[in-house]
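Quick mapping for you: the protein sequence lines, in order, are chains L and U. Heads up: take any position in the first sequence, counting from 1, add 44, and you land on the working numbering. Heads up: take any position in the second sequence, counting from 1, add 44, and you land on the working numbering. Worksheet: the structure to be examined is printed underneath.
Protein chains: 2
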Amino acid sequence: MGYKQVILVRTDLKLPKGKLGSQCAHASVEAALKSSRDVVDEWRSEGGKKVVLKAADLNELRKYEALARKEKLTTALITDAGHTTLEPGTVTCLGIGPDKEERIDRITGKLKIL
Amino acid sequence: MGYKQVILVRTDLKLPKGKLGSQCAHASVEAALKSSRDVVDEWRSEGGKKVVLKAADLNELRKYEALARKEKLTTALITDAGHTTLEPGTVTCLGIGPDKEERIDRITGKLKIL
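Following this line, the structure appears as structure tokens:
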């Protein structure tokens, strides 16, 4: 089984599309740059699979962050600078991986695709 | 003036939110990893500004890709693997930069935020 990265997005914020796109990009870049280059290269060579998942709210995001860190997965919790639609410092999403699909699915396998 | 990255998304595809998020993430990661590490580090230290912009269709995306490349900006044109909602090989979005805001605005300054 190959590598993937997942991005958990808070659905309670009802982010507008452009904001959703930029927050997912933040999570993906930060989690990738915190990962080992070997893993990132392998992941990209397979197509760099990324899946965006639904998290209900901040509590759920923090719960999955803790679970992922406990399993030594790379995580990147993203806080919006808040220049526009959101309050400054709003936590919007969480990037996990890239890592082996099975390791990630063990943590986030029950979450629904956004 | 600081650094930013822009992500142009085809509005004619009417991407569902999850797909939009993953395609923006692809564009952001690929354009960042094609850029020099010094520029990426500087950009991230300022907050890693990313702005998602509207492109009407494939022709417009290709036009901006050509304009950006002519100005020696880093570009990453993203093609979806098409396992789900899109036809395989559909070009979805374009990442440009990170680079100096003024250099990027010279190319994409007239595009609207998604």
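Cβ atoms here follow ideal geometry from the backbone N, Cα and C, with glycine treated the same way. This structure is a prediction, so every number in the text was calculated from the model and none was measured.
- The continuous alpha helix (DSSP H) containing residue 102 (chain U) extends over residues 102-114.
- The Cβ-Cβ distance between residue 137 (chain L) and residue 49 (chain L) does not fall below 8 Å.
- Going by DSSP, residue 55 (chain U) is part of no beta strand (DSSP E) at all; its letter is neither H nor E.
- Residue 98 (chain L) and residue 158 (chain L) have their alpha carbons spaced roughly 5 Å apart.
- Around the beta carbon of residue 80 (chain U), a 10 Å sphere encloses fewer than 16 other beta carbons of the protein chains shown; the residue is thus reported as exposed.
- Scanning its chain for C-beta atoms nearer than 6 Å, with the 5 sequence neighbours on each side dropped, one finds around residue 87 (chain U) the residues 47, 142, in chain order.
- Listed along chain L, the residues sitting closer than 8 Å to residue 66 (chain U) by beta-carbon distance are 51, 68, 94, 95, 96.
- The beta carbon of residue 102 (chain L) sits closer than 6 Å to the beta carbons of 135 from its chain, once the five residues preceding and following it are set aside; these are given in chain order.
- With respect to the C-alpha of residue 130 (chain L), the residue from L:115, L:63, L:100 having the closest C-alpha is L:63.
- Shown here, residue 65 (chain U) sits in a helix according to DSSP, grouped into three states.
- Residue 150 (chain L) and residue 61 (chain U) have their C-alpha atoms some 24 Å from each other.
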